Amino acid sequence: MDFFALAAERESCREYSSQPVELEKLTRCVEAAQMAPSACNSQPWHFTIVTGDKAKKLAKLVQGGGFNRFADQCSAFIVVNEEPAKLNPKLSGLVEQQKYASIDIGLATAHLCFAATSQGLSTCILGWFQESDIQELLDIPASKRIRLVITVGYAAPPHTPRKKSVSLWRNWSLMRNDVSQKHLVTALQGN
Ligand SMILES: Cc1cc2nc3c(=O)[nH]c(=O)nc-3n(C[C@H](O)[C@H](O)[C@H](O)COP(=O)(O)O)c2cc1C
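Residues in the sequence shown are numbered consecutively from 50, following this note's numbering.
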């Protein structure tokens, strides 16, 4: 699929069918995530594919406070851990001034979600979850932070892209006369 079509197609899915997700497809998502760029190529991430009974239990651990109820419909999750970054010693002092690992994990997660979309799957990135309970469920040491949980499944009803690019262009034409949005206009013009 052309990248722009893929970008327009991906969106957060909060309604899943009961169709199980093939392990091969989930593995390909993780492979694509691991190809993402990272500061000093430090790759400060680890991905855990969760299906079956553990997925049913995991679904309950992203619903605190009544959020993310849709997770019960989802039969597969990918949990993203932050790993210690292996940085070039010459650069590590500089790099420590920035939280590059979070940026790297965001990029890898974008790769993962696009890989899912390109295989006909849908995703939702979850930043709201009970970290210590998930660490216990998945035997992840408490020292290894869980940064994101991603739901992966087949959308129900089948996904219809909402044509993001159209709204982007509509916003663009509105922004051109809106002084308060000048920074965005500048960014889009590349000046
Ligand atoms: C870091 C991060 C955390 C998020 N956490 C949640 C979440 O806990 N629950 C949820 O339903 N969506 C969550 N989202 C999805 C956003 O709500 C969604 O990406 C945003 O509304 C834009 O919609 P789109 O993904 O369909 O383009 C999260 C997204 C990101 C990037």
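Ideal Cβ placement from N, Cα and C applies to all residues, glycine included. Remember, it's a predicted structure, so these values are computed and weren't measured experimentally.
Specify the secondary structure class of residue i as computed by DSSP and reduced to three states.
i	result
Cys123	coil
Tyr149	helix
Thr173	The displayed chain sequence assigns Cys, not Thr, to residue 173. Reduced to three states, the DSSP call for Cys173 is strand.
Val201	strand
Trp218	With a pLDDT of 49 at Trp218, under the threshold of 50, the modelled position of this residue cannot be trusted, and the question is left open.
Ser181	helix
Ser61	strand
Gln83	helix
Ser67	coil
Asn90	helix
Lys105	helix
Thr154	With the sequence shown as reference, residue 154 is identified as Ile, and Thr is not the correct amino acid for it. Helix at Ile154.
Asp51	coil
Lys139	helix
Pro116	Contrary to the premise, residue 116 reads as Phe rather than Pro in this sequence. If DSSP states are grouped into helix, strand and coil, Phe116 belongs with coil.
Leu75	helix
Leu187	coil
Leu161	helix
So residue i and residue j are in contact, right, with Cβ under 8 Å, and what is the actual spacing, rounded?
i	j	result
Cys78	Cys173	No, Cys78 and Cys173 are not in contact; Cβ-Cβ is about 13 Å, not under 8 Å.
Ser11	Thr158	Residue 11 is absent from the model: the chain starts at 50 and stops at 240.
Leu156	Ile199	Leu156 to Ile199, Cβ: 14 Å. No contact.
Leu70	Val201	The sequence as given places Val at residue 70; Leu does not occur at that position. Contact holds; Cβ gap of about 6 Å.
Ala38	Pro93	The structure shown does not extend to residue 38, since the chain is modelled only from 50 through 240, so no value can be given for it.
Which residues does DSSP pair with residue i in a beta bridge?
i	result
Asn130	His95, Ile195
Thr100	Ala125
Taking three-plus beta-carbon pairs below 8 Å as touching, is the stretch 87–95 in contact with the stretch 115–122?
-> no
Segment contact, 8 Å Cβ cut-off, at least three pairs: the stretch 122–137 with the stretch 74–86 = yes
Given 8 Å as the limit, is there contact between the stretch 180–194 and the stretch 102–112, that is, 3 or more CB pairs closer than that?
-> yes
Does the count of Cβ pairs from the stretch 133–140 and the stretch 165–179 closer than 8 Å reach three?
-> no
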